[in-house]
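Student: Protein chains in written order, with our numbering: chain Y, 119 to 567; chain U, 80 to 663.
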Ligand SMILES: Nc1ncnc2c1ncn2[C@@H]1O[C@H](COP(=O)(O)OP(=O)(O)OP(=O)(O)O)[C@@H](O)[C@H]1O
Ligand SMILES: [Mg+2]
């Protein structure tokens, strides 16, 4: 992101609090305007105006305030909002969380600069998302189908293989998708080990020439994380709606993003909401997630797969909770399955794809898809009930039918969910589902037509 | 109306502080800054005036000008509303699309209704007639489905001195009263002010949704309020959309308040193709959509439910039964909280402003069945059904609790049912309807004499199911008494065959009361026959293995037409089957 220095400069920092500085006697600043903050030793940092009150501006400093002083440090407003230079040249590049190259290659020559906050998509301009994306994962394709333009997060827990799953999806979706497939990774607060893993996996998948990675590591500035997903999504919208790409955006880890949001909130001494996250977190997350979609009369699409870590595996924690309220479903990972050695450890019952109905059926996946999925759900839910019952009354209290459901649940987890690295076609997935259903007599009535 | 100007002094999120205004008026609108963004005055404190701005405030600078015309935030009411899609402050989104493409650019402005469009006006009054507020001057066939009645606005009356007929546009007048008072096709109304009526009437007829669990077990009356709380993914939006599609109301106002854009694209693409169950005409012809998705400005989200309910009241005033569907009222409350916190007001519970419940009450109380203004004493109704999105699915939070105080029906959604794909995921024991008693007569007269009794039996059966399930958790199914096992199986059948109803099934998505009644009859017929057989000494296994339960469960797939005949035939079969079952 280029920032052209302009004339105005202020040596009027009055207070410093957390990542915020308060600049006095500022004239003509506008909300959201980017500033350069120059330290006494000449170091330059990036700031953004968050609030204006009279001639006082509250500026958040991306790289933090440590080392800034109120005497010698200077603030230069740039007259510009946060923007990113976009071009197809970005393909194959690795950039930091603020959009600056970190791969040692020369800077790109942008075709245009775009405001990273974007504009809200007009609901009347949206095209209904109904194009099936084959991820090769049975628990997704068969039961929680993904469509182009959907926002479908992965709810993970610390140490669960969400990143592996996301990359497997990207890899496999790429095979079945068209030539116009592109991947954007927006990584916030990831470890260098994870960074290494992502880059290596994308390379192995041969996906690098169609990938753009924005990476903010744990050691990078925390406030920068508020910009990373916006930059990733701005580039995604550009590629999708200007150039017709079907862009899959993976954002990880949204939990780090929300923590940065909380940091700003508390530095501004705002009244906190649940678990001290800001009251406007729902709206803030929505301005990211809602950027997924398709537009009438345009070819491309933005499909969004945010990954988040549920603190304490708690799905009611504000981060997964507010995400689930905005996204079109969720893929939930289970520690219990992970412990059993099942990969991907998808906890099927709380998973959901709200757009599934639009992407399945004859001509898309297969006639009867919904029925198979519903039956698998009921049978598994019943099997899980029986499993709970066994822990109380023991196997003896079970009827024969109950036993069959118990066996079904086991087989379902091992075979259907626990597919390992396999890349299954939708037919393989559905056939396997039907095969498993045969073992529960009541369900036998459903057969492939 | 007087004009006053001031200069921007501060900007924080969706709020802007202004200094230098003379005589600013609370809740009037302003044009803010160089881009002329729309805002509303929400606080006046000495010389500091605070506005909530209905568009994104980034880029606004201190010192820019603000102009107030002293007009409250209003909507335009008139022909052209139906089939329309508007944002929270009634900007027409189709026009914005035509002008700006995929995204909503800032500061874009259009009149809500097309003022130049000509409508064929048929007068019902003539020169010399004396008319008062609410009197119908004439009609316009707004869509193939709906006749739009042009009414004398509240507050106006007099003798007609001129009356037009034939093609008229919104820019012209249709009628002139003495002293040069003009009445046109359009009227403006402030969104925060309830539209007047002659009298509120007690609920007496059900609001028919076509959904078994609601219509039979948890009915809402026409003019009543129902709330639908539930965690994410429990089915609130599907409930709202299903009702928008199938309810027997004349007009549907669908307010997407702080929810998803894709959900709207579904409605927009489906409604023109779907037929409404009463008229067989496309659903879009009776529908107005107000949508302010989660990523659109929060202040406009706050306004959206008032915009929606004002439009609903306007159609009510014509004598229509109107369904006002709000998804979700929690997002409105959060918008209120966000703005309140920018004002640094003293927060109440969970950061919501202390006036949350009052504001909610004002909104819910705009529902109702009324005798409209006008000399013909027509009646109209607004039924409000609003989704509530409690954080973490915990109903003890302020928005759910406050809504409960005003709701006549509670349709509580349960994630456990949703996880096992039991839809609508209504927890029938946690839910309630306060309208049951008031509607009993209607049920007796219009459905069947024993309908109310059947509903009572269903309730007891479901209650018993819960008890029996608890017992099983301790002793296992095998240890249950045979008669109890039978009761449990009958209850499970009722759950499957009656309560569960797929919104996506073509034949089952909408049920007439006839269908609802006969499915219930069949379930209890099975129960009676089975109990008799058991008493007679038939093995319980023999009873349960009999395929008749499966057949009852599949009754859903019979069409509404001719349902009674098919059901009666089936019940005869059930009886025959059971009399033939062999004893031990
Ligand atoms: N009556 C129904 N029949 C069939 N499926 C249903 C029904 N109700 C809900 N579902 C399923 O549940 C999913 C989630 O429903 P919905 O989107 O209405 O949830 P919600 O409560 O509105 O969630 P949120 O608060 O996040 O908006 C739907 O996409 C659909 O798959
Ligand atoms: Mg919803």
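Ideal Cβ placement from N, Cα and C applies to all residues, glycine included.
Please look up how many angstroms separate the CB atoms of residue 134/U and residue 116/U, rounded, as I've assumed it's under 8 Å.
Tutor: About 4 Å separates the two Cβ atoms, so the contact holds.
Student: Where does residue 126/Y sit, in a helix, a strand or coil, going by DSSP?
Tutor: In this structure, residue 126/Y counts as coil in the three-state DSSP scheme.
Student: Got a sec? Which residues, its chain only, sit under 6 Å from residue 473/Y by beta carbon, not counting five neighbours each side?
Tutor: Hits under 6 Å: 247, 265, 268, 446.
Student: Identify each residue in the region 341-374 of chain Y for which the Cβ-Cβ distance to at least one residue of chain U is less than 8 Å, and report them in chain order.
Tutor: Listed by position along the chain: 359.
Student: Please determine whether the Cβ atom of residue 580/U lies at a distance below 7 Å from any heavy atom of ligand 1.
Tutor: Residue 580/U: yes, Cβ under 7 Å from ligand 1.
Student: Ordered along the chain, which non-local residues of its own chain (more than five positions away) have a Cβ less than 7 Å from that of residue 314/Y?
Tutor: Once the five neighbours on either side are set aside, residue 314/Y has no close Cβ partner at all.
Student: Who are the neighbours of residue 239/Y on chain U, taking C-beta pairs under 7 Å?
Tutor: What residue 239/Y touches in chain U: 181, 182, 340.
Student: What does the alpha-carbon distance come out to for the pair residue 163/U and residue 241/Y?
Tutor: C-alpha separation (whole angstroms): 12 Å.
Student: Count the other C-beta atoms from every protein chain shown that fall within 10 angstroms of the C-beta of residue 563/Y, then say buried if there are 16 or more, exposed otherwise.
Tutor: Any reading at residue 563/Y must be qualified, since the residue scores a pLDDT of 42, below 50, and its modelled position is unreliable; no value is offered.
Student: Using 8 Å as the limit for Cβ to Cβ distance, is residue 236/U near chain Y?
Tutor: It does not; no Cβ of chain Y falls within 8 Å.
Student: Tell me whether residue 338/U, by its Cβ, gets closer than 7 Å to a heavy atom of ligand 2.
Tutor: It does: the Cβ of residue 338/U is within 7 Å (strictly closer) of some heavy atom of ligand 2.
Student: For residue 254/U, which of helix, strand or coil comes out of DSSP?
Tutor: Residue 254/U: strand per DSSP, three-state reduction.
Student: In chain Y, which residues lie with their C-beta within 8 Å of the C-beta of residue 364/U?
Tutor: What residue 364/U touches in chain Y: nothing, since even the nearest Cβ is about 17 Å away.
Student: From residue 282/Y to residue 255/Y, what distance separates their C-alpha atoms?
Tutor: Each residue's alpha carbon lies about 12 Å from the other.
Student: Any heavy atom of ligand 1 inside 7 Å of the beta-carbon of residue 293/U?
Tutor: No.
Student: Taking Cβ to Cβ, would you say residue 456/Y is nearer than 8 Å to residue 393/Y?
Tutor: No, the pair does not count as a contact, with Cβ atoms beyond the cut-off.
Student: Could you tell me whether any non-hydrogen atom of ligand 2 is closer than 7 Å to the CB of residue 281/Y?
Tutor: No; taking the cut-off as 7 Å, the Cβ of residue 281/Y has no heavy atom of ligand 2 nearer than that.
Student: Using CA coordinates, which residue listed in 96/U, 377/U, 145/U, 141/U is at the minimum distance from residue 122/U?
Tutor: The candidate whose alpha carbon is nearest that of residue 122/U is 96/U.
Student: Can residue 617/U be considered in contact with ligand 1, in the sense that its beta carbon sits closer than 7 Å to one or more heavy atoms?
Tutor: The answer is no for residue 617/U.
Student: Within the 8 Å Cβ cut-off, does residue 195/Y reach chain U?
Tutor: No, its Cβ sits nowhere closer than 8 Å to a Cβ of chain U.
Student: Within the 8 Å Cβ cut-off, does residue 531/Y reach chain U?
Tutor: False, the Cβ-Cβ gap to chain U never drops below 8 Å.
Student: Which value, in whole angstroms, describes the spacing of the CA atoms of residue 350/U and residue 331/Y?
Tutor: The straight-line gap from Cα to Cα measures roughly 40 Å.
Student: Listed in chain order, which residues of the region 575-587 of chain U have Cβ atoms closer than 8 Å to some Cβ of chain Y?
Tutor: Listed in sequence order: 583.
Student: On the three-pair Cβ rule with 8 Å, is the region 184-200 of chain U touching the region 241-252 of chain U?
Tutor: With the cut-off at 8 Å, the region 184-200 of chain U and the region 241-252 of chain U touch.
Student: If you drop the 5 nearest sequence neighbours on each side, which residues of the same chain put their C-beta closer than 8 Å to that of residue 267/U?
Tutor: These residues qualify, in order along the chain: 153, 154, 155, 156.
Student: Counting only C-beta atoms, is residue 439/Y closer than 8 Å to chain U at any point?
Tutor: Output row for residue 439/Y: interface = yes.
Student: For the region 184-191 of chain Y and the region 300-314 of chain Y, state whether three or more C-beta atom pairs, one from each stretch, are separated by less than 8 Å.
Tutor: The region 184-191 of chain Y vs the region 300-314 of chain Y: no contact.
Student: Thinking residue 649/U and residue 630/U are a contact (beta carbons under 8 Å), I'd like their distance in whole angstroms, please.
Tutor: With a Cβ gap of about 7 Å, residue 649/U and residue 630/U count as contacting.
Student: Tell me whether residue 441/Y, by its Cβ, gets closer than 7 Å to a heavy atom of ligand 2.
Tutor: No; taking the cut-off as 7 Å, the Cβ of residue 441/Y has no heavy atom of ligand 2 nearer than that.
Student: Could you please give me the residues that DSSP links to residue 199/U through a beta bridge?
Tutor: Answer by DSSP bridge pairing, in chain order: 246/U.
Student: Can you pull the chain Y residues whose beta carbon is under 8 Å from the beta carbon of residue 590/U, in chain order?
Tutor: Near residue 590/U there are no residues of chain Y at all, since even the closest Cβ is about 20 Å away, more than 8 Å.
Student: Sort out for me which residues DSSP pairs residue 214/Y with in a bridge.
Tutor: According to DSSP, which records beta bridges pairwise, residue 214/Y is partnered with 333/Y.
Student: To test your reading of the DSSP string, which unbroken alpha helix (DSSP H) runs of 4 or more residues are found completely within the region 424-488 of chain Y?
Tutor: Entirely contained in the region 424-488 of chain Y, the alpha helix (DSSP H) runs reaching 4 residues are, in chain order, 436-444, 453-457, 474-477.
Student: If we count Cβ pairs, one from each stretch, closer than 8 Å, do we get three or more for the region 187-194 of chain U versus the region 358-371 of chain U?
Tutor: No, they do not touch.
Student: Please report how far the alpha carbon of residue 402/U lies from the alpha carbon of residue 276/U, in whole angstroms.
Tutor: Each residue's Cα considered, the two are about 18 Å apart.
Student: Got a sec? Which residues, its chain only, sit under 6 Å from residue 370/U by beta carbon, not counting five neighbours each side?
Tutor: 335, 343, listed in sequence order.
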